[in-house]
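Structure record follows, encoded as structure tokens.
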Amino acid sequence: MQHDLELLDLCKVYPGGHRAVNRLCLQARRGEFISLVGPSGCGKTTTLRMLAGFEALSSGRILLRGRSIGHLPPEQRPTATIFQDFALFPHMTVRENIAFGLHGRLDPAAQRARVEHMLALFELGPVAGRHGRQLSGGQRQRVALARGLAVQPDILLLDEPLGALDANLRRSIQHELKLLQREVGITFLFVTHAQSEALVLSDRVVVMNRGHTEQIDTPCALYTRPATEFVARFIGRNALLAGRVQGIEHHVVQVATALGLLQGTAAGPASLRVGDRALLVVPSEAMDLRQVPQDSAPPAGQIAGHVVGRTYTGQTVRLHVELADGECLTVERHVDHADGLPHAARVLLSWPVAEASVIPAAASG
Numbered sequence: 001m002q003h004d005l006e007l008l009d010l011c012k013v014y015p016g017g018h019r020a021v022n023r024l025c026l027q028a029r030r031g032e033f034i035s036l037v038g039p040s041g042c043g044k045t046t047t048l049r050m051l052a053g054f055e056a057l058s059s060g061r062i063l064l065r066g067r068s069i070g071h072l073p074p075e076q077r078p079t080a081t082i083f084q085d086f087a088l089f090p091h092m093t094v095r096e097n098i099a100f101g102l103h104g105r106l107d108p109a110a111q112r113a114r115v116e117h118m119l120a121l122f123e124l125g126p127v128a129g130r131h132g133r134q135l136s137g138g139q140r141q142r143v144a145l146a147r148g149l150a151v152q153p154d155i156l157l158l159d160e161p162l163g164a165l166d167a168n169l170r171r172s173i174q175h176e177l178k179l180l181q182r183e184v185g186i187t188f189l190f191v192t193h194a195q196s197e198a199l200v201l202s203d204r205v206v207v208m209n210r211g212h213t214e215q216i217d218t219p220c221a222l223y224t225r226p227a228t229e230f231v232a233r234f235i236g237r238n239a240l241l242a243g244r245v246q247g248i249e250h251h252v253v254q255v256a257t258a259l260g261l262l263q264g265t266a267a268g269p270a271s272l273r274v275g276d277r278a279l280l281v282v283p284s285e286a287m288d289l290r291q292v293p294q295d296s297a298p299p300a301g302q303i304a305g306h307v308v309g310r311t312y313t314g315q316t317v318r319l320h321v322e323l324a325d326g327e328c329l330t331v332e333r334h335v336d337h338a339d340g341l342p343h344a345a346r347v348l349l350s351w352p353v354a355e356a357s358v359i360p361a362a363a364s365g
């Protein structure tokens with residue numbers, strides 16, 4: 001398969017030896033929406049800045065359809081970047097902001113036609129003569145997108161462009177952004193600190209940690225089959241139950257835990273052997289929960305606990321359940337199925353073996 005964009009062993013080392021990005025490899029198809037996520041300082045924004053040309057590579061290569069572009073200055077790269085603060089020019093109108101990147105690229109008539117097309121695409125015609133301070137947050141965001149796409153880049157780089165918006169507007173713009181990306185058909189690389197946002201928008205997600213890549217996968221695979229302990233803790237609301245592998249048969253792994261012998265399936269290509277330290281990862285939504293008498297013992301393959309709290313999130317409620325070993329996990333339920341459970345209710349938890357993953361435990365230290 002011909003890839004539109006390739007990052008090959010991309011590295012960024014700052015003076016003093018701090019390695020912000022360590023041998024990052026990524027291949028993207030044209031028209032793919034890829035998000036980079038991870039905690040602050042993981043290297044996601046540095047990666048975007050190297051792509052844009054704002055940071056020099058320490059080593060590695062950036063290829064666009066087989067052509068190396070890592071040595072080019074920003075203005076010669078077929079990319080456009082949109083920042084969190086949108087970086088609109090306050091002394092310019094909406095129309096002038098959109099036209100800014102076209103000067104010297106197109107003749108005046110072609111510039112006007114391109115700007116009018118962007119104004120229509122983003123429904124900005126009624127505010128075309130306004131300045132940035134006269135616009136709402138959503139309008140400023142659309143102006144920034146229009147200005148970035150007006151130059152017809154091969155790749156649009158977005159550095160937390162929704163971070164300054166309130167929750168309702170953010171959800172609305174997410175929907176618009178996904179529709180727009182499908183319409184224009186160019187590659188989007190999107191940096192966000194919000195895992196849920198990445199899962200909603202992306203074709204694939206790159207999970208980064210301390211400069212290296214933990215996992216690159218589809219949102220569904222990341223959520224249901226995390227490859228590492230870091231991803232399991234960072235993505236989703238998973239129960240993580242520690243133990244040692246006691247047996248493996250036909251991809252079903254038995255894990256001896258402080259709560260008993262529990263089962264899941266081997267996740268990904270990571271090899272597991274009997275005796276290895278492991279984590280059983282169970283998505284919150286996969287857990288079945290039922291109330292039982294206080295003195296009941298859990299059957300084999302199930303665990304018991306007490307409801308110690310709940311968090312309402314609209315139509316669902318997250319029940320916080322304390323286990324016998326003192327650990328607390330979260331189970332998500334529809335409000336109608338959770339309201340009847342009193343505080344301190346004893347419950348049994350079980351799950352389909354196929355929906356639970358077993359991964360190697362992270363090395364200590």
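Following the numbering used here, the numbering of the sequence shown begins with 1 at its first residue and continues without gaps. Using N, Cα and C, we set each Cβ at its ideal position, and we do this for glycine too. Just so it is clear, the structure is predicted and the values come from calculations on it, not from any experiment.
Buried or exposed: which applies to residue i, given that a residue is buried once 16 or more other Cβ atoms fall within 10 Å of its Cβ?
| i | result |
| --- | --- |
| C328 | exposed |
| Y223 | buried |
| S59 | exposed |
| R225 | buried |
| N168 | exposed |
| E123 | exposed |
| C42 | buried |
| G365 | Confidence is the limiting factor: at G365 the pLDDT is only 43, short of 50, which leaves the residue's position unreliable, though a coordinate-based value still follows. Answer is exposed; the Cβ neighbour count stays below 16. |
| S35 | buried |
| A356 | buried |
| G104 | exposed |
| F190 | buried |
| E75 | exposed |
| Q141 | buried |
| P73 | exposed |
| L255 | It should be pointed out that residue 255 corresponds to Val in this sequence rather than to Leu. Buried, because 16 or more other Cβ atoms sit within 10 Å of the Cβ of V255. |
| G305 | buried |
| F89 | exposed |
| S202 | buried |
| H183 | Reading off the sequence, residue 183 comes out as Glu, not His. Exposed, because fewer than 16 other Cβ atoms sit within 10 Å of the Cβ of E183. |
Output yes or no for whether 8 Å exceeds the beta carbon distance between residue i and residue j.
| i | j | result |
| --- | --- | --- |
| F100 | R130 | no |
| L319 | L341 | yes |
| L219 | V206 | The residue asked about is misnamed: residue 219 is Pro in this sequence, not Leu. Not a contact, by the Cβ cut-off of 8 Å. |
| T265 | V358 | yes |
| Q111 | L102 | yes |
| L156 | I186 | yes |
| R333 | P293 | no |
| V30 | A52 | Contrary to the premise, residue 30 reads as Arg rather than Val in this sequence. Not in contact: R30 and A52 (Cβ atoms no closer than 8 Å). |
| G275 | S350 | no |
| V281 | A242 | no |
| V253 | R273 | no |
| A239 | S284 | yes |
| R95 | A150 | no |
| L57 | K12 | yes |
| V321 | V307 | yes |
| D159 | Q84 | yes |
Quick one: grab the DSSP three-state call for residue i.
| i | result |
| --- | --- |
| F190 | strand |
| D4 | coil |
| T45 | helix |
| P126 | helix |
| F230 | helix |
| D159 | strand |
| A146 | helix |
| A56 | coil |
| R19 | strand |
| R225 | coil |
| H334 | strand |
| S357 | strand |
| G365 | Bear in mind that a pLDDT of 43 at G365, under 50, signals an unreliable position, so the model cannot answer this. |
| H131 | strand |
| Q195 | helix |
| V200 | helix |
| H175 | helix |
| V151 | coil |
| L341 | coil |
| G185 | coil |
Where DSSP assigns a beta bridge to residue i, which residues make up the other side?
| i | result |
| --- | --- |
| E322 | H306, C328 |
| Q215 | V207 |
| Q27 | E6 |
| S40 | According to DSSP, S40 bridges with nothing at all. |
| L348 | R290, A304 |
| L63 | E6, S68 |
| K12 | V21 |
| S35 | F190, V205 |
Using 7 Å as the cut-off, classify the Cβ of residue i as near or not near the heavy atoms of the ligand MN, replying yes or no.
| i | result |
| --- | --- |
| L272 | Absence of the ligand MN is noted for the structure shown, with no ligands found whatsoever. |
Output the residue ranges of the beta strand (DSSP E) runs that lie fully inside the region 236-319 and measure 3 residues or longer, sorted by chain position. Listed in chain order, the complete beta strand (DSSP E) runs (minimum 3 residues) inside the region 236-319 are 238-249, 252-257, 260-266, 277-283, 288-291, 303-312.
Can you check the region 69-119 for any alpha helix (DSSP H) of at least 4 residues that lies completely inside it and give the ranges in chain order? 94-99
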